[in-house]
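Quick note: numbering that gives the first Met the number 0 has the sequence shown finishing at residue 575, numbered continuously throughout.
Heads up, the beta-carbon is just placed ideally off N, CA and C, and yes, glycines get one too.
Since we're looking at a predicted model, the values are computed, not measured.
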Amino acid sequence: MTISEKIFATHDLSHKGFVAPGDIIRVHVDWILASEVSWAGMEKTYNLFGKPGIFRNDRFWLSGDHVVDPRVNELPQVQALISGSERAKKTFKMTEYQGMNYTILHTEFYRERAQPGMLVVGSDSHTCSSGAVGCLAIGLGAADVTLPLVTGETWFKVPEAINIRLVGTPKPGIGGKDIILHILQVLKRNTIASDRIVEFTGPALRHLSLDTRFAVSNMTTELGGITGLFVPDDITHDFINRRKIARHKCHTLYFKPDADAEYAAVHEIDLVNVGSFIARYPQPDDVVLVTEEEGMVLDGCFIGACTTTEEDLILGALVIEQAMKTGSKPTAKGKRKVVPGSMPILHRLRELGLCDIYADAGFEIGIPGCSYCVGMSADQAAPGEVWISSQNRNFENRMGKGSIGHLASAATVAASSFEMKLVDPSNVLAAIDLNRWESFRTASIHSDAIHSKSDLEYVEPCDCGDYSSAAAQRQKQTEKRRLGKNGGRETNILQGKVQRLGDFIDTDALAPAEFLVDMKNNLDAGIFCLVHAHPTFRKRAQQGFNIVVGGKGFGCGSSREQAVMALLGKSGPTIP
Numbered sequence: 000m001t002i003s004e005k006i007f008a009t010h011d012l013s014h015k016g017f018v019a020p021g022d023i024i025r026v027h028v029d030w031i032l033a034s035e036v037s038w039a040g041m042e043k044t045y046n047l048f049g050k051p052g053i054f055r056n057d058r059f060w061l062s063g064d065h066v067v068d069p070r071v072n073e074l075p076q077v078q079a080l081i082s083g084s085e086r087a088k089k090t091f092k093m094t095e096y097q098g099m100n101y102t103i104l105h106t107e108f109y110r111e112r113a114q115p116g117m118l119v120v121g122s123d124s125h126t127c128s129s130g131a132v133g134c135l136a137i138g139l140g141a142a143d144v145t146l147p148l149v150t151g152e153t154w155f156k157v158p159e160a161i162n163i164r165l166v167g168t169p170k171p172g173i174g175g176k177d178i179i180l181h182i183l184q185v186l187k188r189n190t191i192a193s194d195r196i197v198e199f200t201g202p203a204l205r206h207l208s209l210d211t212r213f214a215v216s217n218m219t220t221e222l223g224g225i226t227g228l229f230v231p232d233d234i235t236h237d238f239i240n241r242r243k244i245a246r247h248k249c250h251t252l253y254f255k256p257d258a259d260a261e262y263a264a265v266h267e268i269d270l271v272n273v274g275s276f277i278a279r280y281p282q283p284d285d286v287v288l289v290t291e292e293e294g295m296v297l298d299g300c301f302i303g304a305c306t307t308t309e310e311d312l313i314l315g316a317l318v319i320e321q322a323m324k325t326g327s328k329p330t331a332k333g334k335r336k337v338v339p340g341s342m343p344i345l346h347r348l349r350e351l352g353l354c355d356i357y358a359d360a361g362f363e364i365g366i367p368g369c370s371y372c373v374g375m376s377a378d379q380a381a382p383g384e385v386w387i388s389s390q391n392r393n394f395e396n397r398m399g400k401g402s403i404g405h406l407a408s409a410a411t412v413a414a415s416s417f418e419m420k421l422v423d424p425s426n427v428l429a430a431i432d433l434n435r436w437e438s439f440r441t442a443s444i445h446s447d448a449i450h451s452k453s454d455l456e457y458v459e460p461c462d463c464g465d466y467s468s469a470a471a472q473r474q475k476q477t478e479k480r481r482l483g484k485n486g487g488r489e490t491n492i493l494q495g496k497v498q499r500l501g502d503f504i505d506t507d508a509l510a511p512a513e514f515l516v517d518m519k520n521n522l523d524a525g526i527f528c529l530v531h532a533h534p535t536f537r538k539r540a541q542q543g544f545n546i547v548v549g550g551k552g553f554g555c556g557s558s559r560e561q562a563v564m565a566l567l568g569k570s571g572p573t574i575p
């Protein structure tokens with residue numbers, strides 16, 4: 000079996016000991032994740048269930064990060080979100096609740112709670128970030144997450160997996176953002192990874208810190224994968240064991256894929272080929288070297304979002320420091336913002352004096368939150384503005400209606416912030432004192448820093464018996480699914496008028512972020528369905544064009560139940 004199959008098998012309540020792609024299994028879950036925005040939808044579903052209580056008050060991780068911000072917290076819509084989260088804390092007697100703007104949802108969960116071998120579900124598409132530690136973490140819609148919150152159980156149809164083997168040694172200063180952008184460049188979005196789990200293996204893992212792995216796992220959803228996870232190793236083991244709280248490091252199960260594990264595809268990525276990249280608006284896989292777009296005039300530089308880790312923030316500050324040593328000074332033009340992923344990271348940046356470096360370079364330092372990455376709160380890029388950002392998505396209108404956002408590493412954003420023009424950071428990175436850089440990276444230690452022999456032991460699912468027949472079972476199930484109820488092939492015929500929408504229609508287009516807070520029901524959501532991407536869609540739906548034909552990657556993007564609500568409510572009575 001693959002790593003993901005072993006984790007599924009361990010959590011499978013039938014206890015048969017093995018699973019194969021296509022199996023529909025009932026599993027127990029270890030953790031539930033939600034933001035203050037997704038909890039608003041989950042609470043409605045929870046109330047419809049009759050308020051039955053939740054399965055464990057110590058395994059619900061609820062973070063205020065998407066909309067909450069001291070600058071807008073007095074608004075009625077934001078107050079309602081805060082009240083909902085505080086109500087959950089009180090009602091469920093939650094032990095892990097940290098309140099508003101303590102952390103971006105995924106940051107401190109990965110750093111201090113996710114453990115290898117766990118099965119986690121969250122109402123956010125970047126739940127996959129915790130795959131960095133060998134945890135099977137999957138984002139679902141808010142309603143789909145409410146049931147396991149109550150029962151501790153859910154079901155999955157076991158997906159296929161692909162293997163991305165990482166080889167070679169990355170250049171100094173090249174981190175997770177540039178690695179995943181290179182993978183997007185080579186494999187393209189919503190192709191080989193679509194509807195599959197991505198497992199990262201290979202000899203290059205010994206060069207990758209946990210923060211680097213986090214950034215790669217985080218953006219596996221942009222690649223189109225259901226989730227992405229790394230084979231846990233000694234680096235993972237050391238990272239977990241440095242935690243202070245025993246209960247967050249004593250439930251580990253270290254799995255690795257079997258030598259004969261069957262993957263839907265295997266691809267090799269040589270990290271020697273990774274440089275400083277930019278993903279050009281509006282597609283995360285339109286990736287080129289920064290040198291190809293060097294000199295692009297910018298209106299804003301943003302370093303932040305969940306994909307930007309502590310080590311990225313440190314490196315960004317060191318790039319600024321080194322550039323200033325050679326005489327660079329920030330121009331008066333443009334906007335600069337840095338948002339650390341959690342309060343512990345912000346405190347550490349202050350202790351290291353790195354916040355002062357950002358401030359000297361003209362950066363406003365924000366409190367933990369999604370900020371410009373979702374463009375639905377206090378921080379929004381203006382129409383027509385061009386930004387370079389270390390966030391994970393550059394979809395249309397993502398940073399703000401009518402804005403243009405390109406993706407790059409924190410180092411690239413930092414180097415570009417002085418003249419507000421895109422700059423290749425390679426020369427600055429080469430001049431940085433690597434020993435000092437390494438000394439600052441205590442949150443993501445490399446294998447070179449592990450001096451004692453690890454006691455890591457890989458295990459197998461309990462009661463596994465003989466799963467050598469998994470391949471045969473897989474083929475049998477595949478054939479069975481192709482047949483109808485009577486053993487023959489069935490065809491269902493739909494009749495109606497068709498609207499064709501094209502490829503990669505994402506949930507950000509189906510339910511634009513700026514309207515999410517006000518979407519109380521299907522009709523509310525339907526008013527704004529595809530309002531930017533396909534403005535005539537709603538009118539045509541009312542005219543009887545009732546069959547929607549999407550192309551590749553339809554429904555990709557955020558784990559956003561409002562996208563479904565918008566389609567259901569698209570033919571409402573009011574079309575603005």
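Bridge partners - residue i, DSSP secondary structure assignment
{"i": "residue 197", "result": "161, 227"}
{"i": "residue 34", "result": "62"}
{"i": "residue 155", "result": "24"}
{"i": "residue 364", "result": "337"}
{"i": "residue 301", "result": "336, 388"}
{"i": "residue 546", "result": "497"}
{"i": "residue 457", "result": "253"}
{"i": "residue 296", "result": "420"}
{"i": "residue 11", "result": "26"}
{"i": "residue 166", "result": "269"}
Whole-angstrom distance between residue j and residue i, CA atom to CA atom
{"i": "residue 137", "j": "residue 562", "result": "18 Å"}
{"i": "residue 527", "j": "residue 110", "result": "37 Å"}
{"i": "residue 435", "j": "residue 358", "result": "21 Å"}
{"i": "residue 57", "j": "residue 31", "result": "10 Å"}
{"i": "residue 27", "j": "residue 36", "result": "25 Å"}
{"i": "residue 134", "j": "residue 117", "result": "5 Å"}
{"i": "residue 496", "j": "residue 552", "result": "22 Å"}
{"i": "residue 493", "j": "residue 548", "result": "12 Å"}
{"i": "residue 292", "j": "residue 150", "result": "51 Å"}
{"i": "residue 517", "j": "residue 38", "result": "14 Å"}
{"i": "residue 61", "j": "residue 100", "result": "11 Å"}
{"i": "residue 306", "j": "residue 220", "result": "11 Å"}
{"i": "residue 380", "j": "residue 16", "result": "50 Å"}
{"i": "residue 14", "j": "residue 460", "result": "9 Å"}
{"i": "residue 112", "j": "residue 567", "result": "37 Å"}
{"i": "residue 229", "j": "residue 200", "result": "6 Å"}
{"i": "residue 246", "j": "residue 333", "result": "46 Å"}
9 Å Cβ cutoff met for residue i and residue j
{"i": "residue 261", "j": "residue 1", "result": "yes"}
{"i": "residue 557", "j": "residue 505", "result": "yes"}
{"i": "residue 304", "j": "residue 407", "result": "no"}
{"i": "residue 171", "j": "residue 344", "result": "no"}
{"i": "residue 268", "j": "residue 164", "result": "yes"}
{"i": "residue 373", "j": "residue 203", "result": "no"}
{"i": "residue 455", "j": "residue 256", "result": "no"}
{"i": "residue 174", "j": "residue 308", "result": "yes"}
{"i": "residue 217", "j": "residue 426", "result": "no"}
Classification of residue i by the beta-carbon crowding that lies within 10 angstroms, buried from 16 upward
{"i": "residue 12", "result": "exposed"}
{"i": "residue 415", "result": "buried"}
{"i": "residue 468", "result": "With a pLDDT of 48 at residue 468, under the threshold of 50, the modelled position of that residue is not reliable, and no figure is offered here."}
{"i": "residue 94", "result": "exposed"}
{"i": "residue 23", "result": "exposed"}
{"i": "residue 70", "result": "exposed"}
{"i": "residue 465", "result": "Residue placement at residue 465 is poorly supported in this model, since its pLDDT is 47, which falls under 50; the coordinates still yield a value, given next. Residue 465 is exposed by the Cβ-count criterion."}
{"i": "residue 287", "result": "exposed"}
{"i": "residue 546", "result": "exposed"}
{"i": "residue 126", "result": "buried"}
{"i": "residue 84", "result": "buried"}
{"i": "residue 265", "result": "exposed"}
{"i": "residue 59", "result": "buried"}
{"i": "residue 428", "result": "buried"}
{"i": "residue 354", "result": "buried"}
{"i": "residue 376", "result": "buried"}
{"i": "residue 417", "result": "buried"}
{"i": "residue 51", "result": "exposed"}
{"i": "residue 575", "result": "Caution applies to residue 575, whose pLDDT of 36 falls short of 50 and renders its modelled position unreliable; the value that the coordinates give is listed next. By the 10 Å Cβ count, residue 575 comes out exposed."}
(request) Only counting runs of 4 or more residues, tell me where the alpha helix (DSSP H) segments fall wholly within the stretch 61-142, in order along the chain. (result) 75-91, 106-111
(message) Just to confirm the assignment: which complete beta strand (DSSP E) runs, minimum length 3, are found wholly within the stretch 237-293?
(response) 264-269, 276-278, 286-288
(message) Suppose only complete runs of 3+ residues qualify. What are the beta strand (DSSP E) ranges in the stretch 397-442, listed by chain order?
(response) 403-407
(message) Quick check for students: name the residue ranges of the beta strand (DSSP E) that lie wholly in the stretch 508-560, counting only runs of 3 or more.
(response) 546-549
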